[in-house]
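Note that the protein sequences, when read in sequence, are chains P and E.
Heads up: the first sequence begins at 58 in our numbering, then just goes up one per residue.
Heads up: the second sequence begins at 5 in our numbering, then just goes up one per residue.
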Amino acid sequence: MKPISATNDFVIKFANVNGSGSASANELFARAILRMGVPIATRNIFPSNIQGLPTWYEVRVSGEGWLGRRGGCDLMVPMNPQTWDKDVASIDPGGYLFYDSSKPVPPSKFRDDITIIGVPLTQMCNERYDNPRDRQLLKNMIYVGALGELLGIEHSEIETLIGEQYKGKDRLIKPNIEASALGRDYVREHHKSICALKVKRSNKVGDRIFIDGNDAAALGAVYGGATVLAWYPITPSTSMAEAFAAHCNKLRVDPETKKNRFAIVQAEDELSAIGVVIGANWNGARAFTATSGPGISLMQEFLGFAYFAEVPAVVFDIQRGGPSTGMPTRTQQSDLLICAYASHGDTKHIMIFPEDPGEAFEMGADAFDLAERLQTPIFVMLDLDIGMNDWLCAPFKWNDKRQYDRGKLMTYEELEAGKEFYRYLDVDKDAITYRTLPGAHPTRGAYFTRGSSRNRYAKYSEEGADYVENMQRLLRKLETAKKYLPKPVIRQAKQATRHGAIYFGSSSAPMAEALAALETQGIHLDTLRLRAFPFADEVIEFINAHDQVFLVEQNRDAQMRTLLVNEGAIDPARFISILHYDGTPITARYITDEISQRLSSYGKAALQRLSK
Amino acid sequence: MTYLAKPKFRHPALEKNALGFTHRDYEGSISTLCAGCGHDSISAALIHAFFELNIEPHRVAKMSGIGCSSKTPDYFLGQSHGLNSVHGRMPSVLTGANLANRNLIYLGVSGDGDSASIGLGQFVHCVRRGVNMVYITENNGVYGLTKGQFSATADRDSKSKAGGINKDSPIDLVSMALMAGATFVGRSFSGDKHQVVPLIKAAISHNGPAFIDIISPCVAFNNHPGSTKSFDFVREHNSAVNALDYIEPRAEITTEYKPGEVIDVEQHDGSIIRLRKIHADYDPTDRVAAMNYLQARHADGELVTGLLYVDPNPRDMHAALRTVDAPLNTLQAKELCPGSARLQEINADYR
């Protein structure tokens, strides 16, 4: 079997035991490649556990700049005996196995069609270091140095990163540098030229930043003017709340008084969290919560309240594998239906779909304008893949001239001047009515906010006509909303085609790569990337303009298809669902294979039609 | 007679407070509760308290949950913004509103159904967080609006109107409030205006979570023999530990008492709560003693009322969160948005 040979185009996977310090070593390794100007896409597959269970870290090196998972594995580093068999089995034929050769391993544990690279990590470590905790951490650094040498990573980049990582704990710098040199030197002596996977310096990274979606969203919330966060810890949204706190502590402390221009409350549960968010928004502060599927389930009642009483709210849903406790540390696009139709009765909610941390920042900030303009909950739909993995994206930008859109808030001056105010009166005929804040005016503007039915003057009413009028206006408000929401991104194929593909969120990066691969196979698809619900008219038009549309989503029941069929009155047969929902992020190979297989099942005639 | 609109006529000689407002300016819509309902007395007491304290109605945010008691904010402070949340969840919404604007007065009205069952968690956590508010439960031992089921505060072996007997142990919200760290805890009875009004006034001036459990008989479903929340039962078993006077800041104190007869507690706004002891040994500044006292008296079948506990130096949620003095809802982009130059520096951290 010919060994795989590739420069700046391979996948390396680390298998470790979680809680062993491997994460920081593996990330340092990945960053060294980044510092050489070569784009990477990294993914963490971690267990729902604190210490002792398997965890994987995948580093995809892509000089072409593909940022999704490719699928497959060219070089495996199995540091966890528990998953050895599975890890070895997952290497692509012709690939490489890098392992700790301190103890003998029976030949049956290897494969004939891969290249075996052994470095006696534990032995080297124990010979050099005495302290058991040091041994554990420094062993990781030995393999970083060794791998770096195998792949041609400039060792100076590794040393620079060690210096940055341990800044402030300087006494750790020297041992780590020394450990990485140990690994490097062993490979130089014993494994020269064994590995044909190489990293070569390039300029493809440019000025891009490397950040995870939760951190980006949190920064977006700061820039978007959020002052109140109420949250309950849940994987994978906890890091968003923590990032917001960290950013606020740096960016939102009054320089003179040292007091906080923000308030963060760790609520006793998700019901309380969304209650605090609603109360704060009702009283004019931009407030949000961050949660995942189970939290959305708990929040249903209050979400219906916010919808019907028309109170702004922003909810970041970092989706994970459902249902129930599901897979807390796995990704899925699992909550589309429950967010779209949250709460009993006739409701419909706004969702926006960032594709990466770059959009998580932008849409995270925009969500607060949307919430106040539209006076309703806004769901920012992220997932674990975007939220908890680092992605390369364009540096964040902000227009300093930008004003916050506070929506239709009637001020003291307007009330004092005698402007007529009734909370639910559609004066502008765009279905959005005016609100006032508590304390706005001594004798004008007060009203009751309730989850029960009312007339347009905010008076309690059980009259059927009042209720129907109110419900109709809420539907019209969502029509108005469409013009404020992010538009879909539509791309025409190079050749005319009757087939299209729709996708959204974290499917976007692997989709781009799949489309390129399909093109080389002669398969051309017009594409549409969804960015919001309710759907823009262009979405329905796109579907109606194609015979069949592939719909890529990461859940079992094709929830986006349900929404499109429902809202667009579309024949379900128009869609060919490409579903991936095992909890790992969807790969380019999977999308490519699925689409080309489905098409080939139609036969030659169908493919010819396709190319018309 | 609730289909009749309230007359707008005001008597010219109606007493005015320091703001030039009359009682009528603190009223709301006509009550739709049953004639004789205890809750209406509490609403009247609230109107009285706000009037006497010279508080501008629009500076009050009145919030409630679901239930007969939660309907009452409609019947007072017509010029205040109000919010009826979902059942049992007023505390979280009020907490959020308070975070947004620390300078308003927050009044949370709830019932035993709303706060002792579904709302028990939110009640406790809002108290432990130190939210500056007046939290009133209008406690009648039943779910009135759904027609008479026992609530969690119903005493064991008390009888429902339909003849059922409650087998469960009662929850005492006053004890819960004390354990959760409330810095002002009182209990009263809707029929006792002389106790309720000063308690409310003191609670409004208190700078922390001020909880008052007001027994408020339900004439429709829980005012019969066998009830421990009926007018008769309460009157027979009421045991006040102190009598309360609320003295405004800088007001002249006209009555003198012998030493040991009164305790004066000064609040942060300069007002004074003057407690004349009825029970000689009762010390309302001792939280643990208060809890013990309540448990012991309850075992004897007594209903302890009065100002049961007050911390003269409460610390509220905003102090704990170290928020700026300006209400968060007044901050503008220039104070909230770090700007593009700073963003470039932040980008550099991620390379």
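Quick reminder that beta carbons are idealized off the backbone N, C-alpha and C, glycines included.
Since this is a predicted model, take the numbers as computed values, not measurements.
- Between E:Gln271 and chain P, the shortest Cβ-Cβ separation is not below 8 angstroms.
- Relative to the Cα of E:Ile204, the nearest Cα in the group E:Phe55, E:Arg254, E:Ile34 and E:Leu87 belongs to E:Phe55.
- With contacts defined as CB atoms closer than 8 angstroms, P:Phe561 and P:Arg586 qualify as a contacting pair.
- For a cut-off of 8 angstroms, the C-beta gap from E:Gly310 to E:Ala244 is around 5 angstroms, short enough to register as a contact.
- Your pair P:Arg127 and P:Arg100 does not check out as a contact, with CB atoms roughly 11 angstroms apart and the cut at 8 angstroms.
- Residue pairing from DSSP places E:Leu111 in a beta bridge opposite E:Lys66 and E:Val138.
- When the five nearest sequence neighbours on each side are left out, the beta carbons in the same chain lying within less than 8 angstroms of the beta carbon of P:His212 are those of Gly202, Gly205, Glu206, Ser237, Ala238 and Arg241, in order along the chain.
- Look at P:Gly378 here: in three-state DSSP terms it is strand.
- Spatial neighbours of P:Tyr461 in its own chain (CB-CB distance under 6 angstroms, excluding positions within 5 residues in sequence) are listed in chain order as Gly282.
- Counting only residues of its own chain and dropping the five nearest sequence neighbours on each side, P:Ala347 has a CB closer than 7 angstroms to the CB of Trp288, Ser294, Met297, Ala298, Phe373 and Ile375.
- By the CB criterion at 8 angstroms, P:Pro369 and P:Gln323 fall outside the cutoff.
- Within a 10 Å sphere around the beta-carbon of E:Val292 sit fewer than 16 other beta-carbons, which makes this residue exposed.
- Rounded to the nearest angstrom, the Cβ distance from E:Asp159 to E:Thr232 is 4 angstroms, consistent with a contact under 8 angstroms.
- For E:His322, the enclosing alpha helix (DSSP H) stretches over residues Met321 to Leu325.
- With respect to P:Leu575, P:Thr649 sits close: the two C-beta atoms are nearer than 8 angstroms.
- Contact between E:Leu103 and P:Val134 is ruled out by a C-beta separation of about 48 angstroms, above the 8 angstroms threshold.
- Exposed is the label assigned to E:Asp268, since fewer than 16 other Cβ atoms lie within 10 Å of its Cβ.
- Residue pairing by DSSP places E:Lys165 opposite no residue, since no beta bridge is assigned to it.
- For P:Ala324, a Cβ of chain E is located within less than 8 angstroms of the residue's own Cβ.
- For E:His85, the enclosing beta strand (DSSP E) begins and ends at His85 to Asn88.
- Annotation for P:Asp264: Pro452 place their beta carbon closer than 7 angstroms to its own, counting only its chain and skipping 5 residues before and after.
- Using a CB distance below 9 angstroms, the part of the stretch 492 to 503 of chain P facing chain E consists of Thr493, Leu494, Pro495, Gly496, Ala497, His498, Pro499, Thr500, Arg501, Gly502 and Ala503, ordered along the chain.
- Under the three-state reduction of DSSP output, P:Phe436 falls in the strand class.
- Nearest to P:Ala602 by alpha-carbon distance, out of P:Gln549, P:Phe167 and P:Phe362, is P:Gln549.
- Shown here, P:His247 sits in a helix according to DSSP, grouped into three states.
- P:Cys182: member of the alpha helix (DSSP H) spanning Leu178 to Arg185, first to last residue.
- One Cα belongs to P:Arg387, the other to E:Ser164, and the distance between them is close to 51 angstroms.
- Beta-bridge pairing by DSSP links P:Tyr517 to P:Arg511.
- For P:Ile627, no alpha helix (DSSP H) encloses it, and the DSSP letter there is neither H nor E.
- When secondary structure is reduced to three states using DSSP, E:Pro213 falls in the strand class.
- For E:Tyr354, the residues of chain P that pass the 7 angstroms Cβ criterion are Ile266, Phe267 and Ile268, in the order they occur in the chain.
- Going by DSSP, P:Arg646 is part of no beta strand (DSSP E) but of the alpha helix (DSSP H) stretching over Ala645 to Ser657.
- Not one beta carbon of chain E lies nearer than 8 angstroms to the beta carbon of P:Trp288.
- Of all residues in the stretch 97 to 127 of chain E, only Val97, Leu98, Thr99, Gly100, Ala101, Asn102, Leu103, Ala104, Asn105, Asn107, Leu108, Gly125 and Gln126 come within less than 9 angstroms of chain P when Cβ atoms are compared, listed by chain position.
- Considered as a whole, the stretch 149 to 228 of chain P harbours 178 to 185, 189 to 208 and 212 to 222 as its complete alpha helix (DSSP H) runs of no fewer than 4 residues, in chain order.
- Beta bridge pairing from DSSP links P:Asn317 with P:Val310 and E:Thr327.
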